[in-house]
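Asker: Got a structure here, written out as structure tokens. Questions coming.
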Amino acid sequence: MDSWDDGTDCCKWEGVVCDNKKGNVIGLDLSCTGLSGSLLSNSSLFSLQNLRWLNLAGNYFRNSEIPSEFGKLRSLTYLNLSDTGLTGLVPPEISLLSELVSLDLGLNFLLVRNHDFNMLVHNLTKLENMILDGMDLSLVVPYSFLNLTVSLKHLSLSHCFLEGNFPTQVFHLPYLQNIFLGSNPNLIGYLPETNWSSPLRLLDVSKTSFSKGLPDSIGNLEHLKTLNLYGCVFMGSIPSALGNLTKITFLDISGNMFQGQVPDVFGNLNDLSFMVFSSNNFSGVFPPSAFNLTILTFMDFSSNFLRGTLPNNISGLSYLRQLYLSANLLSGRVPGWLFSLPSLEDLDLHSNKLNGPIDPIQEPNLVLLNLTSLDLSFNNLSGNIKSCMLVKLRNLSWLDLSHNSLLSLTSCINGANSSLPMIIEFHFSSCNMQRFPSFLNASKYLQFLDLSNNQIHGSITKWEAEGWENLATLNLSMNFLTSVEQIPGKDLLVLDLRSNSLRGPLPTPPQNLSYFLISNNELVGEIPSKICNLSYLYVLDLSKNKLGGTIPDCFGTFSDQLLVVLRTLNLNGNQLEGAVPQSLKNCYTLEVLDLGNNNINDTFPYWLGTLTCLEVLVLRSNRFHGDIQNFNGTFSFSSLQVIDVSRNEFTGHLPLELFENFKAMRDIQENKTGGPEYIGGDYYQDSVTVTMKGSDFNLERILTIFTIIDFSSNQFKGPIPKAIGELNSLIVLNFSHNSLTGNIPPSLGKLAALESLDLSSNKLQGRIPMQLTNLTFLGALNLSHNNLEGPIPLANHFDTFSNHSFAGNSGLCGFPLSKTCGNDQEPKSPPSTVGDESEIALIWKIAAMGYGSGVVLGLSVGYIVFTTGRPRWLVKMMKRNPEKRMRRRIHRNGRRKN
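Sequential numbering from 12 applies to the sequence shown in our numbering.
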């Protein structure tokens, strides 16, 4: 510090305060001065015996421990060591500072022992401010807080790892004004139900396990300005006494289990500026008085069950900036006053039952509309929106009107200016749009345009494609386009034209395209080699067209940039011929290669095994031929999780070495995030067709834990390799319609995750291994049309399979077949390997249900049950009322802010 000079009076140094009478240093404020280094026990600081006030906050002491010498500064009344990088135990000597009025040790890596904390609160009888945020108080028993001095005014204990029951008596401290207990998820407690009257101004127990209800006594806190109960376990109804909090400015009770009608008690809360009631179970009509609050800036009632209509007019909300009423049951029209609120920036009404046309937008006199984000998606809106009405929202940058099936959008006549000058994202999917909105081409900030699943017919002309200078994502999928004369946007990154009626040759894509999705159309001709000029191509999906010729050899000779990024190549369902170009082995980052349902004539492309990222390989329904047995072990396929070579002309034995290399099908790690994960990115997720029970099922998304081996409908012979049993994460195995011989290997009983097994229409012989009864997730089994013999095992759930699973084996006997077994052939049940038979049976039924209603449910739910170890919560859920449904919460990840 510049003023600190040995030759000058220290009392004149910056941050130093001296006693005017004796010249003793009594105060040091060195906060945020850039001090660093260790805080040593022999520091001259501890010789300042008259020091009353010490602030070292915001410096960095390099993980030093708090020296016990602090106990020498017995005159200290104010001590602030927050955010200084201190670590270790808080020394018990701190409790010797009996004159302390304010203590702040927060935002450090400090640990407090329970005994030391008890000494501290017992000795510091004059303490008014205690701030320990971010410290580790996991060793402190909450009962210790009963010893807090009655003089305490400010208690801040957020993010402290507190556990157990917090004593309610603390809320009764007579001078307590502020209490922060937030972000201690294992802290249990409840608010006082009676005799609660205190000078509290701030009460924050957010993200704790506080429960019970909000008591009527809350209305006694006449000085309360901030009430934060976000993310707790509160339940019951809201008391009308809430209306007594006339000084409240911040009110957040979101993320709880409150229910019932929200009381209409906001008429006297004239200072309220922030209110959040979202993610509860509130029902009934919306409280009208909330619309008359005069200084409110933020209102969120989303994700509840509120009904009724919005009022036709209001008298307040002049300063409202964010309004979120989404995911409720609101009905009626969208009133025009919503667009006339002078300060409103974000308006979100998505996922309600709003209907009818949107009221005309009235531009308030001398006021520029500040609305930047508008979401009316997932409602029942109808009518026609004129572009010249939207243009009044001149600051709008984000608009979502999607999933209003009767809502259309048309351009204004007479050439009126209809551009939205600030628009960045425009969502109008699943509506009733008839024509391409060329009026948006002058919106120079527009980056994202989603017009999918509409009624857009005909062609996009060159004139309509002009402009769009910053457009990055264009989604026109699921329309009725027949041609694209020119693709809008020279710098497009994502172009989605899937599921239209496009005819003719493949349109020329922009140079910088990353996602080129044009599947399920009627395109003809060959794949042009100029597609290899795309420097940043990441996903190319040309599936389900009528493209012919050969796969361009240039696919593997892209620029060096493309070699790094190409992830998915899907050419399924065309009329491609010839061989698979070996240049594809240069696409080192390829994860999904789908060449199924073409006329490709080639041997097995073993050289693809050099692609260490390849997870999905589909060659089904082509003219591949030859023996895969001569597999070279240097081509590992170690990441492969899905391989489908069915309906080809392969011969020879099943390739043992190939199966041994499928490392990704062993011990797949369970998903730690809790939700399902899929192969692919946020915008495009890969799909695959699998054969189950003799029928094809299209999986629109592929779970990252999904594994399948399908070698069916070829000409393979010989035995089934025992090594298959080592693939313990395998979910679907299909070797049907070949000429396999020998016994079914008992090692298949180790496929713990297997849900579908099809070995039908082969020449297998011998008995059905008893080990197959250990496959507790097996929901589909087909062993029909072989030469199997002996009794059918009856253990576990094997007796649930029908006779179709075993038909065409003249030597088999026992249930479910009509042929009975002799006494010496009666099936014997193996010793049970399951702890709870009824629970496992129930879990199997969960998986089996999926096969009845669609393969995705069975594969995903069944495997989740398996990987979480027979969870009790799922068993209990299935045993409860099956008609009780959980309502889907539709809420954005975090509220939109400036």
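Glycine is no exception: its CB is placed at the ideal position from the N, C-alpha and C atoms.
1) Which same chain residues, not among the five before or five after Phe746, have their C-beta less than 6 Å away from its C-beta?
2) To the nearest angstrom, how far is the alpha carbon of Gln522 from that of Gln696?
3) Report all residues from its chain with a CB closer than 8 Å to the CB of Thr383; omit the five preceding and five following residues, and keep chain order.
4) Between Asn633 and the rest of its own chain, which residues show a CB-CB distance below 6 Å, the 5 nearest in sequence each way excluded?
5) With a threshold of 16 other CB atoms inside 10 Å of the CB of Thr179, please say whether the residue is buried or exposed.
6) By the three-class DSSP mapping on this structure, what secondary structure does Phe316 have?
7) By how many angstroms is the C-alpha of Asp40 removed from the C-alpha of Cys29?
8) So, is Ile854 buried or exposed, given that buried needs 16 or more other C-beta atoms within 10 angstroms?
9) Check whether the region 724 to 736 and the region 587 to 596 touch, using three or more Cβ-Cβ pairs below 8 Å as the test.
10) Taking DSSP as the reference, what is the three-state secondary structure of Leu84?
11) On a Cα-Cα basis, can you pick out the residue from Asn749, Arg85, Gly559, Leu280 that is closest to Glu233?
12) DSSP three-state label for Met310, please.
13) For Gln572 and Cys624, what's the separation of their Cα atoms in angstroms?
14) Which of the three DSSP states is assigned to Asp227 in this structure?
15) Quick test of your reading: Phe826 and Leu805, contact by CB under 8 Å. State the CB separation rounded to the nearest angstrom.
16) Would Asp147 and Val123 be called neighbours here (beta carbons separated by less than 9 Å)?
17) Starting from Asp502, trace the alpha helix (DSSP H) both ways and give me its first and last residue.
18) For Gln640, which residues from the same chain have a beta carbon less than 6 Å from its beta carbon, with the 5 sequence-adjacent residues on both sides left out?
19) Where Glu688 and Phe717 are concerned, what is the direct C-alpha to C-alpha distance, given to the nearest angstrom?
20) Would you mind sorting Gln458 into buried or exposed? The rule is 16 or more other CB atoms within 10 Å of its CB.
21) Which of the three DSSP states is assigned to Glu174 in this structure?
22) Taking C-beta to C-beta, are Leu775 and Asn793 nearer than 9 Å?
23) By the three-class DSSP mapping on this structure, what secondary structure does Gly777 have?
24) Whose C-alpha, out of Glu477, Thr614, Leu595, is nearest the C-alpha of Arg578?
25) With Leu121 and Val101 assumed to form a contact (beta carbons below 8 Å), what rounded beta-carbon distance in angstroms separates them?
26) DSSP three-state label for Gln572, please.
27) Could you check if Tyr599 is buried or exposed, using at least 16 other CB atoms within 10 Å of its CB as the buried criterion?
28) Classify Tyr694 as helix, strand or coil using the three-state DSSP reduction.
29) Going by CA-CA distance only, name the one from Ser430, Cys565, Phe809 that's closest to Ser546.
30) What would DSSP say about Gln593, mapped onto helix, strand or coil?
31) Starting from Leu51, trace the alpha helix (DSSP H) in both directions and tell me its first and last residue.
32) Would DSSP call Gln180 helix, strand or coil?
33) Could you give the residue range of the beta strand (DSSP E) that holds Cys824?
34) Let me know the secondary structure DSSP gives Trp24 once reduced to three states.
35) With respect to the alpha helix (DSSP H) encompassing Asn292, which residues constitute its N-terminal and C-terminal limits?
36) Work out the CA separation of Asn31 and Ile77 for me, nearest whole Å.
Answerer: From the atom records:
1) Counting only Cβ-Cβ distances below 6 Å, and skipping sequence neighbours, we find Phe722, Leu770.
2) When rounded, the distance between both Cα atoms is 23 Å.
3) Excluding residues within five positions, the ones whose Cβ falls inside 8 Å are Glu356, Asp357, Asn406, Leu407, Ser408, Trp409, Met433.
4) The beta carbon of Asn633 sits closer than 6 Å to the beta carbons of Asn609, Ile611, Asn659 from its chain, once the five residues preceding and following it are set aside; these are given in chain order.
5) When all chains shown are included, Thr179 counts as exposed.
6) For Phe316, the secondary structure class from DSSP, reduced to helix, strand or coil, is strand.
7) Approximately 12 Å, taken between the alpha carbons.
8) In this prediction, Ile854 scores a pLDDT of 35, lower than 50, which makes its location untrustworthy; the coordinate-derived value is nonetheless stated afterwards. Burial call: buried.
9) A contact between stretches requires three or more CB pairs, one per stretch, nearer than 8 Å, and the region 724 to 736 fails this requirement with the region 587 to 596.
10) Taken through DSSP and simplified to helix, strand or coil, Leu84 comes out as coil.
11) The residue with the shortest Cα to Cα distance from Glu233 is Leu280.
12) Strand.
13) Low per-residue confidence applies at Gln572: pLDDT is 47, beneath 50, and the placement is therefore not dependable enough to give any value.
14) The three-state secondary structure of Asp227, taken from DSSP, is helix.
15) Right, the Cβ-Cβ distance comes to about 6 Å (below 8 Å), so this counts as a contact.
16) Yes, these two residues count as a Cβ contact at 9 Å.
17) For Asp502, there is no enclosing alpha helix (DSSP H), as DSSP gives it neither H nor E.
18) Correct list, in chain order: Gly663, His664, Pro666.
19) Going from the Cα of Glu688 to the Cα of Phe717 covers about 10 Å.
20) Buried is the call here.
21) If DSSP states are grouped into helix, strand and coil, Glu174 belongs with coil.
22) No, Cβ-Cβ distance for Leu775 and Asn793 is not below 9 Å.
23) Residue state, collapsed to three classes: strand.
24) If you compare the alpha carbons of Glu477, Thr614, Leu595 with that of Arg578, the shortest gap goes to Leu595.
25) Yes, they are in contact, since the Cβ atoms of Leu121 and Val101 sit about 5 Å apart, within 8 Å.
26) Note that Gln572 scores 47 on pLDDT, short of 50, meaning its location in the model is unreliable; the coordinates nonetheless yield the value given after this. Looking at Gln572 - three-state DSSP - the assignment turns out to be helix.
27) Burial state of Tyr599 is exposed, judged by a 10 Å Cβ sphere holding fewer than 16 other Cβ atoms.
28) Looking at Tyr694 - three-state DSSP - the assignment turns out to be coil, as it is neither helix nor strand.
29) It is Cys565.
30) Three-state DSSP puts Gln593 in a helix.
31) Per DSSP, Leu51 lies in no alpha helix (DSSP H) segment and is marked neither H nor E.
32) DSSP places Gln180 in the helix class (H, G or I) of the three-state scheme.
33) Residues 822 to 824.
34) Of the three classes helix, strand and coil, the one that applies to Trp24 here is coil, per DSSP.
35) Looking at the DSSP string, Asn292 is not in any alpha helix (DSSP H); the run it does join, the beta strand (DSSP E), is 292 to 296.
36) For Ile77 and Asn31, the distance between alpha carbons rounds to 30 Å.
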